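I have placed the structure first, in the form of structure tokens, so that the comments after it can refer back to it.
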Amino acid sequence: MRHCIALDNVRVVWRLAACLALLPCVPLRGQADFSRRPYVFDRLFSTTTFQLDGTSRTTLDARIRIQSTAAVSRFGQLLYQYASGNQRLDVDFVRVLKAGGDTVVATASAVQDVTGPVAQDAPMYSDLRQKVVTVPALQPGDTLEYHVTWTTHTPFAPGNFWDESDFVRGAVVRDERITYDVPRQAHVQVKTEGGPDLRITETGTRRIYTWQRANLMIDTTGRKGTFLSRGEHHSVSLTTFRSWAEVGEWYRGLERDRETVTPEIRQRAAELVRGRTTLRDSIAALYDFVAQRVRYVSLQFGLGRFQPHPAADVLLNQYGDCKDKHVLLAALLRAIDVPSAPVLISANEPIDPDVPSPAQFDHLITFVPALDSLWLDATPNVAPFQFLLFILRGKQALVIPQDATPRLARAPLAMPYHTYSAFEAAGTLSDAGRLTTAMRMESRGDIEVMMRGVVSQLPEDRWQLFAQGIAKAAELEGTVKSATADDPLATGAPFAFTFQLDRPGAVTWSNQRAELEVPLPEIDLPASDTLATDSLLIGLVEEIRYRASILLPHTVTARLPAAVILSRDYATYRSGAERRGDTLVVERSLRYARRVLPADRSADFASFRNVVSEDEKRTIALTRSGDAPATPADATGGADADELHRRGMAALDANDARSAIRAFRAVTELVPRHQWAWNNLGRAYMMLGKTDSALIAYRKQIEINPYDQYAYNNMGLTLRRMGRQDEAVAAFRKQTEANPLDKYAHANLGRLLVDMHRDSAAADALEHAVSIAPDDTSLQVMLGSAYARLGRGADALTVFRRAVALSPTPEMWNNVAYALAEQRVELDSAEMYARRAIDATEGVLRGLTLDDAGMREMFAVGQLGAYWDTMGWIYYARAEWPKAERYVRAAWLLSNQSEIGEHLGQIQQQLGRPADAIHTYALALNGNVPSKSIRPRLVRLLGGSEREADRRIDLARSELVTMRTVKLGNVLTADVSGEVELLIGAGPRVEAVRIASGPSQLQQLTPAIRRATLSLAFPEPDATVKLLRRGVVSCSSPSGNCALVMMPVMSLRFERVIDRVRN
202 MRHCIALDNV RVVWRLAACL ALLPCVPLRG QADFSRRPYV FDRLFSTTTF
252 QLDGTSRTTL DARIRIQSTA AVSRFGQLLY QYASGNQRLD VDFVRVLKAG
302 GDTVVATASA VQDVTGPVAQ DAPMYSDLRQ KVVTVPALQP GDTLEYHVTW
352 TTHTPFAPGN FWDESDFVRG AVVRDERITY DVPRQAHVQV KTEGGPDLRI
402 TETGTRRIYT WQRANLMIDT TGRKGTFLSR GEHHSVSLTT FRSWAEVGEW
452 YRGLERDRET VTPEIRQRAA ELVRGRTTLR DSIAALYDFV AQRVRYVSLQ
502 FGLGRFQPHP AADVLLNQYG DCKDKHVLLA ALLRAIDVPS APVLISANEP
552 IDPDVPSPAQ FDHLITFVPA LDSLWLDATP NVAPFQFLLF ILRGKQALVI
602 PQDATPRLAR APLAMPYHTY SAFEAAGTLS DAGRLTTAMR MESRGDIEVM
652 MRGVVSQLPE DRWQLFAQGI AKAAELEGTV KSATADDPLA TGAPFAFTFQ
702 LDRPGAVTWS NQRAELEVPL PEIDLPASDT LATDSLLIGL VEEIRYRASI
752 LLPHTVTARL PAAVILSRDY ATYRSGAERR GDTLVVERSL RYARRVLPAD
802 RSADFASFRN VVSEDEKRTI ALTRSGDAPA TPADATGGAD ADELHRRGMA
852 ALDANDARSA IRAFRAVTEL VPRHQWAWNN LGRAYMMLGK TDSALIAYRK
902 QIEINPYDQY AYNNMGLTLR RMGRQDEAVA AFRKQTEANP LDKYAHANLG
952 RLLVDMHRDS AAADALEHAV SIAPDDTSLQ VMLGSAYARL GRGADALTVF
1002 RRAVALSPTP EMWNNVAYAL AEQRVELDSA EMYARRAIDA TEGVLRGLTL
1052 DDAGMREMFA VGQLGAYWDT MGWIYYARAE WPKAERYVRA AWLLSNQSEI
1102 GEHLGQIQQQ LGRPADAIHT YALALNGNVP SKSIRPRLVR LLGGSEREAD
1152 RRIDLARSEL VTMRTVKLGN VLTADVSGEV ELLIGAGPRV EAVRIASGPS
1202 QLQQLTPAIR RATLSLAFPE PDATVKLLRR GVVSCSSPSG NCALVMMPVM
1252 SLRFERVIDR VRN
């Protein structure tokens, strides 16, 4: 894909200067064994037939072995773009060859012809369309085949044609062929680079160029090189243009009349330059208007049209792609008698001067001959006047003057102003070690434009979160308290972004000494590959300046690090520190003499980078003096340790595990046998998932105090997470011995024993936990469930009654009822609780109107599905199959949850309907998180055939969505979509409709929606109960077919008892 470049095509991160070095290709383990690859192309043939008038026909023929679920995800939906004004796209066939020998062919209904995403937001591009093919029943082990044809019936350049292609490098392709079939009498220039040899055959009036290649080496980079690569171009290039002048003349013919100056354009230009005293200021005013006021639409360059829209239309609509923004700027300039020229340029690989072809360009900017030549790119809406992104600077481009021969010229490499990035930190260090710092980032150049772009897209209340992300990326620890930014559209001056950073425990004192990390980010220098063959971009700006000034307590002195000066012919790095009164000042700077290095300097630059990195890691040694007399080391250490421990606990409370680890480790160094530090150090390690380190810390705590009130419990949780269940049981038992009243340890032991299916032991542990904390309903539910599994129904009911008394809610009633039904005990009580849950929830939905509906009612619908299923499962336990089916089927149609589908299948088996059960199990296996017991049930019903089970599951894959889909018929001829809210009553029938989002045209669908037949059911008729549902409605042109897809509702069951961590 080739797009007019935009700001959002460049990753906006603090460390945005790094360029990734090329990685080597990875040879496959065996030339014939591709079984570990996610997919393999057995065949990939691209054939294009050109005619003398410029029309063409391109076919894509592929055969792909699908070998993983990742491949299913990638190829489960195929998308092809085309320009309806010039092209026709035919999906000739898409078919899946199943592993078992069957063939599934995508029907016409699986192909959607829709307006492209860009055109939905920008109607000027309504000729950009795409066909989306849903591939049926695709599974690992299958083979996918497809054949697609693009027919260009109206040539983009009558009498000329061109193309370029690349062979696949990032996947295994056993046979790839690129073929061009051209008229013999046509002047065709063909160039091959880095690919297989060209084979030419001639038949009659045709000449056929063919390249064939097998790719058995995987390029791990996924790209050919960096944007600075020189000399590496497309594998195959073809063009009938004889010169760049011809290309320019063709484009000038498309563009010239689009710059027409209308009265509206002339009036707007006069308004914009009013009061401007110089020509430069006038041009800048017009540039700012187009850049900032005309919304940029990212569009594949040349897709649909190489020709821009008329400038008057762009001014009226206030949006456009790079070509459209240029013509408006050119027309405004012409209105004040300033000539300009379009410039075709590439933001990716440099153009190949030997192949004059429009395909080499992906962007268009503006050249103004006045004022010693101005190069302007109005695409980024937040760029300063005369700014070009780094991916354009220094590139060869095609300048197309109105009255002169088009020519190749090179875009300027340097900006007309000094570019830099500055970071200033002004902070205060408290006696307690808290560092509060005001951070200021200021920049001019590429980093400025990227920062402006981000800030312009964020609401002000999210700037603080953005600043926190910057701090994290720059490894500046602490919490951002506030953030401010300059106006992102005020591009006449550098851009500044400021934030306040608060870091408790920035230093930890040990024997009156501490180390201070300087609160400055590292200077981003790209990693360099000493084996790389590409040029290396080492800097985006001319200068980087960092400065930190920290006010120290008057009792603190600092030992300053030695100054560093590192000079090369391409850059000079300086760093130094000084004490000015009580203020510590640290400065670092990097000035570039060159910002691009040849590949043979990579080793030198790697050495330079390492020195800079090591210098930035140096800390400032601090020493604290005091007026108090010296005290014994143990006492002093104890006092300091307590303060450090308090800081560590504060860091734990703030979820700042790294700071907590530093504090607690400092405590253990001061007082190795501190009474709490090792336990809390283990907790901090667990927050980071460092289970081995946590286990060591807990064991050290136990060594210090074998009767510690927390450590064994926390060690048990760590062992359980590590999968060492028996050791975890022993640890929890040790905790209960050390503290028999520890409800957390008893609860964690009980939960672990439940997971290990040791129900009797689990019940004993949970009994202890409940006796200690009788008001904890989660413990009551766990204990009651353990009793029920042991067949102790009466005991289970007693415990459940206590839980219900403590929390008389529908959720609790339902959970108790389901637990009893699962174990088939106390079913009368189970029915009573289930009925309470249903009645209470239906009460929320009884008499509901859309005006009253909200999240509470939406949540109640999801709950109701679970409660219906519970009631049905109680009837199943009683062998009342018809009643059970009525409730569970209603729950299944409402929620499509796999667990409920499994219940329905079991009921259908009991009713003697194995075919229905097979179908239901296959559907349930396609739901969310299906249980492991569903597939064995299906396989048993199919006589043990795993292959047949796979086939049934594949066939059911799309049916779950079909169950929630309602076809509304030919209602609205437009490409529109939106969300709707429905109120559904008994019948079922739609009683009310509200369009929640989308264009006003969707109101026309209301009658069709109200007449719709829904795949829903109520277990008991009740005209007063209403179900609130949401759905997505969409229509497509030109067919006018519309459909409503109901959103799934969630079904809830049991609360989980959380791990009980002690501190």
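Residue numbering for the sequence shown follows our numbering, starting at 202 and increasing by one per position.
Positions of the beta carbon are idealized from the N, C-alpha and C atoms, including for glycine.
Everything numeric in this text was worked out from a predicted model, so none of it was measured.
Worksheet item: With L882 and T869 assumed to form a contact (beta carbons below 8 Å), what rounded beta-carbon distance in angstroms separates them?
Response: In the sequence shown, the residue the question calls residue 882 occupies position 681. In the sequence shown, the residue the question calls residue 869 occupies position 668. Yes, they are in contact, since the Cβ atoms of L882 and T869 sit about 7 Å apart, within 8 Å.
Worksheet item: Where does P1137 sit, in a helix, a strand or coil, going by DSSP?
Response: As a position in the sequence shown, residue 1137 is number 936, starting the count at 1. Looking at P1137 - three-state DSSP - the assignment turns out to be helix.
Worksheet item: What are the uninterrupted segments assigned as beta strand (DSSP E) that are 3 or more residues long and contained completely in the segment 1185 to 1224, given in chain order?
Response: 1190 to 1198
Practice prompt. Quick one: residues in its chain with C-beta nearer than 6 Å to the C-beta of Y1122, no 5 flanking neighbours on either side, listed in chain order?
Written response: Counting from 1 along the sequence shown, the entry for residue 1122 is found at position 921. Hits under 6 Å: G1106, I1135, R1138, L1139.
Practice prompt. Could you check which residue in R459, P554, R653, G1241 has the C-alpha nearest to that of L529?
Written response: Position 328 of the sequence shown, counted from the start, is the residue given in the question as residue 529. Among R459, P554, R653, G1241, the Cα nearest to that of L529 is on R459.
Worksheet item: If you draw a straight line from the C-alpha of L630 to the C-alpha of I671, how long is it?
Response: As a working note, residue 630 is residue 429 in the sequence shown. As a working note, residue 671 is residue 470 in the sequence shown. Near 22 Å, if we compare the C-alpha coordinates of I671 and L630.
Item to complete: Please list, in chain order, all residues of the same chain as A627 whose beta carbon is under 6 Å from its beta carbon, the five residues on each side excluded.
Response: For the purposes of this step, residue 627 is taken as the residue at position 426 of the sequence shown. Hits under 6 Å: A639, S750.
Worksheet item: Given 8 Å as the limit, is there contact between the segment 702 to 709 and the segment 574 to 584, that is, 3 or more CB pairs closer than that?
Response: no
Item to complete: Locate the alpha helix (DSSP H) running through A684, then write down its first and last residues.
Response: For the purposes of this step, residue 684 is taken as the residue at position 483 of the sequence shown. Per DSSP, A684 belongs to no alpha helix (DSSP H); it is in the beta strand (DSSP E), 680 to 686.
Practice prompt. Can you tell me which of R922, L918, M1072, G924 puts its alpha carbon nearest to the alpha carbon of K935?
Written response: In the sequence shown, the residue the question calls residue 935 occupies position 734. Nearest option by C-alpha distance: L918.
Worksheet item: CB-CB under 7 Å to A358, same chain, minus the five flanking residues each way: which ones, in chain order?
Response: Translated into the one-based positions of the sequence shown, residue 358 becomes position 157. If we look at A358 and ignore the five residues flanking it on each side, its Cβ neighbours are G255, W451.
Discussion item. Give me the residue from R264, S979, A715, A989 with the minimum Cα distance to F246.
Written reply: Position 45 of the sequence shown holds residue 246. Among R264, S979, A715, A989, the Cα nearest to that of F246 is on R264.
Discussion item. Taking 7 Å as the cut-off, is the beta-carbon of A668 closer than that to any non-hydrogen atom of the ligand HEM?
Written reply: Judged by which ligands are present, the structure shown has none, so any question about the ligand HEM falls away.
Worksheet item: Taking just the CA atoms, how far does A963 sit from L953?
Response: The sequence position of residue 953 within the sequence shown is 752, counting from 1. The sequence position of residue 963 within the sequence shown is 762, counting from 1. The straight-line gap from Cα to Cα measures roughly 8 Å.
Worksheet entry | Residue(s) in a DSSP beta bridge with N1242 | Counting from one through the sequence shown, the residue named residue 1242 turns up at place 1041. For N1242, which the question treats as bridged, DSSP gives the partners N1171.
Item to complete: State the beta-bridge partners of N416 as determined by DSSP.
Response: The residue given as residue 416 occupies position 215 in the sequence shown. Partner(s): V374.
Worksheet item: Are there 16 or more other CB atoms within 10 angstroms of the CB of F251, so buried, or fewer, so exposed?
Response: Walking along the sequence shown from the start, residue 251 turns up at place 50. Flag for F251 reads buried.
Worksheet entry | Status (buried if at least 16 other CB within 10 Å, exposed otherwise) for L942 | Along the sequence shown, one-based indexing puts residue 942 at 741. Result: exposed.
Worksheet item: Skipping 5 residues on each side, what residues in its chain have a beta carbon closer than 7 Å to that of A300?
Response: Here the question's residue 300 lines up with position 99 in the sequence shown. So the list reads G342, D343, once near-sequence residues are dropped.
Discussion item. According to DSSP, is L1142 part of a helix, a strand, or is it coil?
Written reply: The sequence position of residue 1142 within the sequence shown is 941, counting from 1. Reduced to three states, the DSSP call for L1142 is helix.
Practice prompt. Give the DSSP-derived three-state secondary structure of L516 in the structure shown.
Written response: Here residue 516 is taken as the residue at index 315 of the sequence shown, counted from 1. Residue state, collapsed to three classes: helix.
Worksheet item: Are A674 and F700 close, meaning C-beta to C-beta below 8 Å?
Response: Mapped onto the sequence shown, residue 674 falls at position 473. Mapped onto the sequence shown, residue 700 falls at position 499. No, they are not a contact pair.
Item to complete: Count the other C-beta atoms from every protein chain shown that fall within 10 angstroms of the C-beta of A1067, then say buried if there are 16 or more, exposed otherwise.
Response: The count along the sequence shown starts at 1 and reaches residue 1067 at position 866. Under this definition A1067 is a buried residue.
Discussion item. Only counting the same chain, and skipping five residues up and downstream in sequence, which positions put a Cβ closer than 8 Å to that of R1152?
Written reply: To locate residue 1152, count along the sequence shown from 1; it is residue 951. Cβ neighbours of R1152 beyond the five flanking positions: K299, G301, D303.
Worksheet item: Using 8 Å as the threshold, is the segment 395 to 415 in touch with the segment 278 to 289, meaning 3 or more CB pairs across them?
Response: no
Worksheet item: With a CB to CB cut of under 6 Å and the five nearest residues on each side skipped, what residues in its chain are close to A1078?
Response: For this step, residue 1078 is matched to residue 877 along the sequence shown. Result list for A1078: A1022, R1025, L1028, in chain order.
Fill in: Meets three-Cβ-pair contact criterion under 8 Å: the segment 800 to 813 and the segment 762 to 779
yes
Worksheet item: Tell me, which residues are paired with W576 by DSSP?
Response: Position 375 of the sequence shown, counted from the start, is the residue given in the question as residue 576. Bridge partners of W576: F568.
Discussion item. So, does the segment 360 to 367 touch the segment 436 to 451, judging by three or more C-beta pairs under 8 Å?
Written reply: yes
Discussion item. Let me make sure I understand the geometry here. Which of V389, Q981, S803, A623 has the alpha-carbon closest to that of M1013?
Written reply: Here the question's residue 1013 lines up with position 812 in the sequence shown. Nearest C-alpha to M1013: Q981.
Item to complete: In angstroms with no decimal places, state the Cα-to-Cα distance between E723 and R819.
Response: Along the sequence shown, one-based indexing puts residue 723 at 522. Along the sequence shown, one-based indexing puts residue 819 at 618. About 11 Å.
Worksheet item: Within 10 angstroms of its Cβ, does I401 collect 16 or more other Cβ (buried), or is it exposed?
Response: By one-based count along the sequence shown, residue 401 stands at place 200. Looking at its Cβ environment, which holds fewer than 16 other Cβ atoms inside 10 Å, I401 is exposed.
Worksheet item: Under a Cβ-count criterion, where at least 16 other Cβ atoms within 10 Å of its own Cβ denotes burial, should R802 be classed as buried or exposed?
Response: Indexing the sequence shown from 1 puts residue 802 at position 601. Buried.
Item to complete: Would you kindly work out how many angstroms separate the C-alpha atoms of V495 and L1051, rounded to a whole number?
Response: For the purposes of this step, residue 495 is identified with residue 294 of the sequence shown, where counting begins at 1. For the purposes of this step, residue 1051 is identified with residue 850 of the sequence shown, where counting begins at 1. Taking the straight line joining both Cα atoms gives about 40 Å.
Practice prompt. Note down the Cα distance separating N287 from E403, rounded to an integer number of angstroms.
Written response: On the sequence shown, residue 287 is found 86 positions in, with the first residue counted as 1. On the sequence shown, residue 403 is found 202 positions in, with the first residue counted as 1. The alpha-carbon atoms of N287 and E403 are separated by roughly 29 Å.
Worksheet item: What's the C-alpha gap between R1195 and V1246?
Response: In the sequence shown, counting from the first residue as 1, residue 1195 sits at position 994. In the sequence shown, counting from the first residue as 1, residue 1246 sits at position 1045. When rounded, the distance between both Cα atoms is 15 Å.
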